[in-house]
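Asker: Protein sequence lines, in the order shown, are assigned to chains H and F.
Using this note's numbering, read the first sequence as starting at 1033 and increasing by one per residue.
Using this note's numbering, read the second sequence as starting at 2 and increasing by one per residue.
Here a beta-carbon is modelled for each residue, glycine too, at the ideal position from N, C-alpha and C.
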Amino acid sequence: MTHWIILPIVLPAFLAPFIVLAARHHIGIQRVFSVAGVVALIALALGLVWAVSDGSVLYYRLSNWAAPFGIVLVADRLSTLMVLLTSVLALFVLLYAIGSGWDSRGRHFHALFQFQLMGILGAFLTGDLFNLFVFFEVLLIASYGLMIHAGGNARLKAGVQYVLFNLIGSTLFLFALGSIYAETGTLNMADLAQRVALIGAEETVGIRIAAVLLLLVFAIKAAIVPLHFWLPSSYAEAPAPVAALFAIMTKVGAYAIIRVYTMIFPPNLEATMGLHDLWLLPAALVSLAIGMIGVLAARKLDRLIAFSIIGSMGMVMVAISLFSPVGIAAALYYIIHSTLAGAILFLISDLVRTGRGNLDLTAQPPMRGTHMTAGMFFVGAIAMAGLPPLSGFLGKLLVLDASYGADLVVWVWAIVLSSSLISVIGFARAGSVVFWKAHGLGPMEPDAETARPATLAYVAIGGLFAMLIAHTVFAEKVHAYTTTVATELFAHDTYMSLVLETPGKLSDPKEAH
Amino acid sequence: MSLFLVVALPFFGALLPGMMNSAGRSACAGVTFTVSLMAFVGLLTNLPAVMAGEVVTARVDWMPLLGLNFTLMLDGLGFFFALLILGIGLLIITYGRHYLSRNDNMGEFFTYLLLFQGAMVGIVLSDNVLLLLVFWELTSLSSFLLIGYWKHLPEGRQGARMALAVTGMGGLAMVGGMLILGQIVGSYDLSVILQNREAIQADPLYVPALVLILLGCFTKSAQFPFHFWLPHAMAAPTPVSAYLHSATMVKAGIFLMARMWPVLSGTPEWFVIVTSAGLVTMVLGAVIALFKHDLKALLAFSTVSHLGLITMLLGTGTAFGALAAVFHILNHATFKAALFMSAGIVDHEAHTRDIRRLGGLRRLMPITFAIASLAALSMAGIPLLNGFLSKEMMLEEAHHTVLFGSHWLVPVMATLGSLFSAAYCFRFIGHTFLGPVRDDYPHKPHDPGAGMWMPPAILVVLVVVIGVAPFLVQDFVFMVAKSVIGDAAELKTKYIKIWHGLVPALYMSIIAVVGGLVLVRTHAPLQKLWETTPRPEAKVIFEAIVEGAARMAQALIHPLHNGSFTRYAMIGVIAMIAAGYHAWATGTVAAPVRELQVAGPVPIAGWAMLVAATVGLVAMHRHRLLSLILIGIVGLMVSIGFVYLSAPDLAMTQFTVEVVTIILLLLALNFLPNRTPVESTVPRRIRDGVVAVAGGLATFGLAYHYMLREAVTTPISEFHLANSYKGGGGTNVVNVILVDFRGFDTYGEIIVLGIAALLIFALTETLLNGPVRRRLLNRVPDQPRSGDMHPMMMVVLTRVIMPVVLLVGFYIFMRGHNEPGGGFIAGLIVSIAVVMQYMASGFTWTSARLRYPYHGVIGAGVLVAGFTGIGSWFVAKPFLTSDFTYVRIPPFHKFELATAALFDLGVFLAVVGAVMLSLESFSRLARRADTPESEYPMDIDPSRDDPDTAKMKEGV
C-alpha cells in the first residue's frame, strides 16, 4: 500500500507541531519550513493527480482496518483536484502573508496555517463521514485561530460570531451523524451508499431527515442563504491573507455536497427524493442574488468582496444542485475559478489597506502604489463579476449551458445574468470611488499608517493571476478534466469496490456482515 | 497573414505602449501605430481572397465541450468592418499623439486603445457567437477605461460607469440570446447558425432569443431607449469619441444585426422592433442634436441619429435596405470621424467646445474649416458628397416601407429625421466657423500642426471621392452587402448612382435640406422654446436608478446582516427545523421495532435534576457565578447518566473535563462582571425562547424516533466488539476504538485541542499588547481580595497530594487499554494536579519552577502520536497500525506492551499541554504589574523568618 495519499495530511500535521516545538520564537525558520512544506504539498498533489488521472482510485486503510470498520482515505480525481487547488492557493497566500508581514503580527501564524491545511486536505481525502467531522473541527478551530490572528476589537467580535455559528454547524453535524448511524449502522461513505440503498419505501423519514441535516451542515460551510450569516463579517475582518485562504473553505462545503449527494444520496435514490433536489436550487439562486446585491450595497471594500464570495458560492451551488454530470463539471470549473478570484480580491484589498490605511468606499487621496493596485483590482473584479475574457465568464457560460433543460431554467438564466449585471455595477462603483475619484483630490499627507506594498506581495498576487489566466487559456483541458471527474462521480464502481472489497486486518469484510 | 495574428497583434501590442511610456510620447505613439499598421497590412493581404468571394477561416479549439472555440472567419462584412477599425485606428493614433497633452499618461491611453482595437477586430472576425460575446464585453470594458481615462473628471467617471452598465446589461442579455440560439441550432458556430434560418425562425424560442440579442445590439449601438449613455461617453478624450463612439464600437450592434440578418430578419417581430426603434432613434437623436451647444454632444446625438438610420434600414429586411445600410456605415464612419476630430481640434485650439462661445473660426482656422464643412455637408446630404448617396438610398427604402399598416409613417419620419439632420449640420458649420471673428475666445485659435489635421483630411478626401465617383467603391460595397444578405434575399440593384431621376427620394431630400436651412435661420427662438420644454434628463434618471438600486440593496442587505448573532442563529435554526420538518412530512413512517424501557425512580430523579438545573440555568443565566454552578450540575448529571448507561470511559472523561472546564471558566469569570446585562427586549426573548424550544423538541423527536428503531443492517460496532481483543489487544472497546480502530480521529481531535490552546495563548498575547491590558490593570475587584492568597493549608495539601494524583494518572493511563481510562483522562487528571499547584502558590512561583514550556508539550504530544503512526511504515503497514505483545519482567506479572500505548502517550501529552497552556494564558491576564512577585510558595510560612514575612504579618 502506497503511503503517498496520507502525506498531504501528515506533512502539515508534523510541520505544525514542529514549528510550535522548535521554532516558535524564530519567524525566519517558521517561514522557511512553512513555505517548504507547501511546496512539497504541491509536488505531492501533482503526484496524486497524476496517479489517479487514468481513472484509478487510491485507497488507504488507517490502522490497517478495512472499511467500514476502520477509517479509510480515498483519493480519486475529485479529491486530488481539490488537494491540488488548495496547495497551489496556499503557496501564494503564504507568500503574500510573508511579504506583507501579516505572519509576524500575531503568534503562531505558520503553525495554525499548517494545521488549517491539514484540516482542509483531510476533509478532501477522507472516505469516512465521522472522520470528515474531525477534519471539519480541525479546520474550524485552526481557521478561528487564523481569523483572529493579530487581534483587534472588530476582528475578535467577528471571530466569536464565526466560531459560534460554526459550532452550531458542528452540533448539527453530530446530530446528522447520529441519525445516519442510527439508520444505517455505519459511517464509511461507500458502505453508506450501499446501506442507504437498502432502506425500503415503508419507512423513509429517518434517512430523509438525516440526509437533510447533513446537507444543512455542508450548506453552512458553503455559506448558502440563509445559513451564510457567519461569512460577511468574518471574512471582512479576517487578516487579508487568511480571508484569501478561506476562499477554499467554502469550497470544502461544496465538495462535501458533491461527494455525499452523488454517492450516498444520489439524485435517483427513491428514499430521499423531493428534498434537496427541490429546494437546493432555489436556495442557491437566492444566495447568488443576495451575494451580488451585497456587492452593490457594500460600504467597505472587504465586505464587498465577502459578499461576492457568497454570490460566487451561489453560482457554484446552482451548478451543483442540477446534480447532473454537466452541472458538476461546470461547478468544478467554477470552483477553481472562484477560489482563485476570491483570494486575489482579498489580497488586493490588503494592498488598498496598506496603501491608504482603510477600506471605506469613500473618495480619499490617491493611495500608495495606486496604479498597480488599480490595475489589479480591475482585472480581479472582471474575474469575479464573470466578464470576459477570464474564466469567470467561461464558468458562467458552462453553468448556463448546463442548466438548459432544467425545470427552473428561466429563473437560473435570469438570476445568473442579472446578478452579473448588479455585481458589475457594484464593482464599477467601488473601483471608481476608490481608484478614480482619488485623482480628483490632492496628494496624500505622508502618514505612518500607510506604506507602499512589498514586492513579494505583488509577486504573490501575480502568481494567483497567472493561475487564473492559465485556468482561462487551458479551459479546454480543465473542463475536459472536470467532465471526467463528474462522470466518474456518477459511475463510482471503482471507488466502491476498492473501498469495500479490499480486506484489512483480521477481516474479510464479507465475513463480518 | 493569419487571422489569428490580425486579432492577436493589438492584444500583444497593448503591452508595448505601457512599457515605452518613459521613452517619450512619440515612441509610445510610434509603437502603437506600428502594431496597428502590421495588423492592417495583415488584413489587406486577405483582400484578394475576400474579393473573390472566399471566406477565410482559422480555427483553434478552446472549449469544444461547451462549443466555445477560437474560430475566426473573414468574409466581406468582417473585412469591411475590420478595415474601418484598423484604418481609422491608424488615423486616430496619429491624431491622438498630438491631441493628448504632456500631463496625460500616453502609455496608458494607447494600451487601452489597442486593447479595444483587438477586441473590436475580434468581434467582427469571430465565427463563434460565444467568442464574439467575449470580445463584445471586452469592448465594453476597454470603453469603460477609455471614457474614464481622465480620472479626475466626475463626468468621465459617471459616463464610464453609465456606459458600462448599459452596454454590460445588453451584453449579458445577449449571452442569454446567443445561448438560446446555440441550443436551437446545436452549435455556436456562426457559419452553422447562418445556415439555419428556417429552424431558428420556426422555434418557439425565436422571439426570446431575438429580443435578448437585440437588447445587446440596441444598447451597444445606442438605440432608443438606450441611447442616453452615448452622449455621456463624450467625456472621453476626443480621439476616443471619434474612434469608439462614432466610427467603430457603437457600430458593433449594427454589425451584429447585419451579421445575424440572414437568420433573424424577415419576420414581423424583427421588422417591427428594429425598424421602429431605428426610426424613433433617428428622429429623436436628430432633434436633440440641433439644440446641443457642446460640439461633441451635438455630434454624439447626430451619431445616435445616424445609428438609428442604419438600424431602420436593417430592420426593413429587404436586400436594398441592407445595401443602403452597408453603404451608410462606410460613409458615416468617414464623415463622422472627421467631424469628431475637427471638433477636437477646435476644442484643443480654442479651449472650448461650446458653440455659443465660438463662431468666426473660418478665418482663423481655414484648414479645419474646410475639413469640417465638407464632412458636415456630407452628413447633411448635399450632393457630390458621400452622405448624399446613402441618404438617398435610405429615403428610397423608406418610401417603400409600410409600418403599422401606414404608407406615410416611415417616409414622413425619415424626411423629418433628415431635415433635422441637415439643420444641425448647418448649425455646426454656421455657428462655429461662419459669422464674425470674436475677440473673447478662451484661447486664441489657429490651425494645428499637420499631425492633427491630416487624419481628418484623409477621411474628407474619401468623403469627396466616394461622393463624386461612387463606382470606385461600388464593387466593394456590393460584395459586403452580399455577404450580409447571404441567401436570405436577392439584391436587384446593380449600381450606386448619383442621379436617379426625379424620384420621390429626391423630393424628400430637397425638403430636408430646405427645411434644414429654415430651421437654422429660426434657431434662436426654437432654442428658447426647447429650453423651456420640460424633458427627461437621462443622466439624472440613470444616476437616480443606480443610486436607488444601491439604496434598495443597502436597505435589503444591511438590516439583514445587522451583526446580531442571536438573529443569525435564529434564522439558521428555523431553517434547520423547517428543512427537517419538510423531510419528515414528506416521508413515510413505519411502526417502531423496539420496546420502550421502563424508567425506574433513580433515572427519573436524575432526569428531573438535569431538567431542573437546565431550567434554572436559563432562568438565572444573568448571574454568572450561579450559572457556572448550574452548568457544573448539568455536567455532573451527564456524567452520572453515562455511568448509569454503562459507559464508564465517557463518564470519567466527562467528569474530568467538567473539572478542568469549571476551573478555566472560574478564571475567566474573574475578569467579567458578576452579571450579564439585559440587552434584549421581552418580545425578543420570547421569540428566541420559542425557537429554542422548537429546536429542542425537534431534537427530542429525532432521538426518540431513532431509539425505537434498528439500523438497516448490523452496525459496525458489532465488529469492534468482536475484534477489540483479537486485533487491538485490549478489552476496553472504547479505548481500542479511540487509539486503534479510529485512532486517526483521535489524532485529529488532539490536534484540535492543541490548536485551541495555541489560540487561547495567541489571543491573550494580543490582548496583553492592546488596549485591553490597560483596562485589566485598572480593574477594581468588586470584592475584597483575600489577604492570604496562598494559604499554607492549601500549599501543604497540594504538595502532599501531587504524587498521589500523578500516580493515579499513571494508573489510569496504563489500565486504559483494558479498563476504563486512557491517555485522555490521564492527561486531564495530571493537569488537575498541576493546576492545584498554581492555585496554591500562584502563577509566578509555579511557572518559575516549570521545566517544560507547554507549547513544547503540545507539540511533542502531537509529534509523538504522529511518529507512532509513521512507525508502522517501517514494517510496511499503514499509518497508525497497532501491534502488541506480552512480556514478563520479574517480579511483575506478565503484561501487555502495545504501540497503541505510545499513541496514547501522545494524546496524554497533548491534553496536558493544552489544558496547562490555556490556564497559563488566563493567569497571565490576571497578573498585575503591582502584584508583588513572591518567591515563596505561600504567603505565611511559620518556618520562615524574614523581613517580608514580618511586614506581611504586620499587615495582617
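Relative to the alpha-carbon of F:GLY345, which residue among F:ILE372, F:LYS297 and F:ALA377 has its alpha-carbon at the smallest distance?
Answerer: Checking every option, the nearest Cα to that of F:GLY345 belongs to F:LYS297.
Asker: I'd like the span of the alpha helix (DSSP H) that includes F:VAL773, first residue to last.
Answerer: Counting along the chain, the alpha helix (DSSP H) containing F:VAL773 begins and ends at 773-779.
Asker: Note down the Cα distance separating F:ASP448 from F:GLY172, rounded to an integer number of angstroms.
Answerer: For F:ASP448 and F:GLY172, the distance between alpha carbons rounds to 41 Å.
Asker: Between the C-alpha atoms of H:GLU1533 and H:ASP1525, what's the straight-line distance to the nearest angstrom?
Answerer: The straight-line gap from Cα to Cα measures roughly 11 Å.
Asker: Please work out which residues of its chain come closer than 7 Å, Cβ to Cβ, to F:ALA930, disregarding the five sequence neighbours upstream and downstream, and give them in chain order.
Answerer: Only weak support is given to the placement of F:ALA930: the predicted model assigns it a pLDDT of 49, under 50, and the value that follows is read from those uncertain coordinates. Once the five neighbours on either side are set aside, the close Cβ partners of F:ALA930 are LEU778.
Asker: Would you tell me roughly how many angstroms separate the C-alpha atoms of H:ILE1601 and H:VAL1115, rounded to the nearest one?
Answerer: With chain H covering only 1033 through 1545, there is no way to say anything about residue 1601 of chain H.
Asker: I want to see whether chain H comes within less than 8 Å of F:GLU596, judged by CB atoms only; does it?
Answerer: Closer than 8 Å: no.
Asker: By DSSP, does H:MET1528 sit in helix, in strand, or in coil?
Answerer: It is helical.
Asker: Under the rule that 16 or more other beta-carbon atoms within 10 Å means buried, what is F:MET366, buried or exposed?
Answerer: Flag for F:MET366 reads buried.
Asker: Hey, F:VAL547 and F:ALA866: beta-carbon distance below 8 Å or not?
Answerer: For F:VAL547 and F:ALA866, no; Cβs fall outside 8 Å.
Asker: Measure from the C-beta of F:PHE959 to each C-beta in chain H and report whether the shortest distance is under 8 Å.
Answerer: The structure shown does not extend to residue 959 of chain F, since chain F spans only 2 to 957, so no value can be given for it.
Asker: Mind checking which residues open and close the alpha helix (DSSP H) that includes F:LYS152?
Answerer: It is not in any alpha helix (DSSP H) - F:LYS152 carries neither H nor E in the DSSP assignment.
Asker: If you measure between the beta carbons of F:THR95 and F:MET455, is that distance less than 8 Å?
Answerer: In this structure, F:MET455 lies closer than 8 Å to F:THR95 by Cβ.
Asker: The beta strand (DSSP E) that contains F:PHE543, what's its start and end?
Answerer: From DSSP, F:PHE543 is part of no beta strand (DSSP E) but of the alpha helix (DSSP H) over 539-561.
Asker: Going by C-alpha distance, which of F:ILE761, F:ILE717, F:ASP128 and F:ALA399 is nearest F:TYR508?
Answerer: Closest by alpha carbon: F:ALA399.
Asker: Say whether chain F places a C-beta atom closer than 8 Å to the C-beta of H:ALA1036.
Answerer: In the sequence on display, residue 1036 of chain H carries Trp and not Ala. Not an interface residue.
Asker: Start and end of the beta strand (DSSP E) containing F:THR886?
Answerer: Note, F:THR886: beta strand (DSSP E), 885-889.
Asker: Contact defined as beta carbons within less than 8 Å: I believe H:HIS1511 pairs with F:LEU67. What is the distance between those atoms, to the nearest angstrom?
Answerer: That belief holds up - the Cβ atoms of H:HIS1511 and F:LEU67 are roughly 7 Å apart, short of 8 Å.
Asker: Shorter than 8 Å from the beta carbon of F:LEU257 to some beta carbon of chain H?
Answerer: By this cut-off, F:LEU257 is not an interface position.
Asker: Check the DSSP bridge columns for F:LYS895 and list the partner residues they point to.
Answerer: Its beta-bridge partners are F:ARG889.
Asker: Suppose the cutoff is 7 Å on Cβ atoms and the five residues either side in sequence are ignored; what does the same chain contact list for F:ILE664 look like?
Answerer: Hits under 7 Å: VAL836.
Asker: Between F:THR276 and F:THR317, which are expected to be in contact by the criterion C-beta below 8 Å, what is the C-beta distance as a whole number of angstroms?
Answerer: That belief holds up - the Cβ atoms of F:THR276 and F:THR317 are roughly 6 Å apart, short of 8 Å.
Asker: Is the segment 633-650 of chain F close to the segment 674-686 of chain F, with three or more CB pairs under 8 Å?
Answerer: Counting Cβ pairs under 8 Å, fewer than three are found: no touch.
Asker: Taking 8 Å as the threshold, find out whether the segment 102-118 of chain F comes into contact with the segment 46-53 of chain F through three or more Cβ pairs.
Answerer: The answer is no - the segment 46-53 of chain F does not touch the segment 102-118 of chain F, with fewer than three Cβ pairs under 8 Å.
Asker: Counting C-beta neighbours from all protein chains within 10 Å, is the total for H:LYS1542 16 or more, i.e. buried, or is it exposed?
Answerer: With a pLDDT of only 47 at H:LYS1542, under 50, the local geometry of the prediction cannot be trusted, and no value is derived from it.
Asker: DSSP three-state call for F:MET621: helix, strand or coil?
Answerer: Reduced to three states, the DSSP call for F:MET621 is coil.
Asker: Less than 8 Å separating the beta-carbons of F:LEU473 and F:VAL462?
Answerer: It is not a contact, given that the beta carbons lie outside the stated cut-off.
Asker: Just to confirm my understanding: we take F:GLY956, look at its own chain, exclude 5 residues before and 5 after, and list those with CB closer than 6 Å. What are they?
Answerer: Interpretation of F:GLY956 is limited by its pLDDT of 48, a score under 50 that renders its predicted location unreliable; the figure taken from the coordinates is listed afterwards. The answer is none, since no qualifying residue turns up.
Asker: With a 10 Å radius around its C-beta and 16 neighbouring C-beta atoms as the bar for buried, classify H:ASN1300 as buried or exposed.
Answerer: Classification for H:ASN1300: exposed.
Asker: For the segment 364-383 of chain F and the segment 477-491 of chain F, state whether three or more C-beta atom pairs, one from each stretch, are separated by less than 8 Å.
Answerer: Not touching, per the Cβ criterion.
Asker: Going by DSSP, what residues sit across from F:ASN129 in a beta bridge?
Answerer: F:ASN129 is bridged to F:ASP190.
Asker: Extract the residue ranges of the alpha helix (DSSP H) inside the segment 602-665 of chain F, only unbroken runs of 4 or more that lie entirely within it.
Answerer: Fully enclosed alpha helix (DSSP H) runs of 4 or longer: 602-620 and 625-645.
Asker: Under 8 Å, do H:ILE1352 and H:ILE1341 count as touching if we go by C-beta distance?
Answerer: Contact: no.
Asker: Using a Cβ-Cβ distance under 8 Å, would H:GLN1193 count as near chain F?
Answerer: Yes - at least one Cβ of chain F is within 8 Å of the one on H:GLN1193.
Asker: Where does F:ARG358 fall in DSSP's three states?
Answerer: In the structure shown, F:ARG358 sits in a helix (DSSP, three-state: H, G or I).
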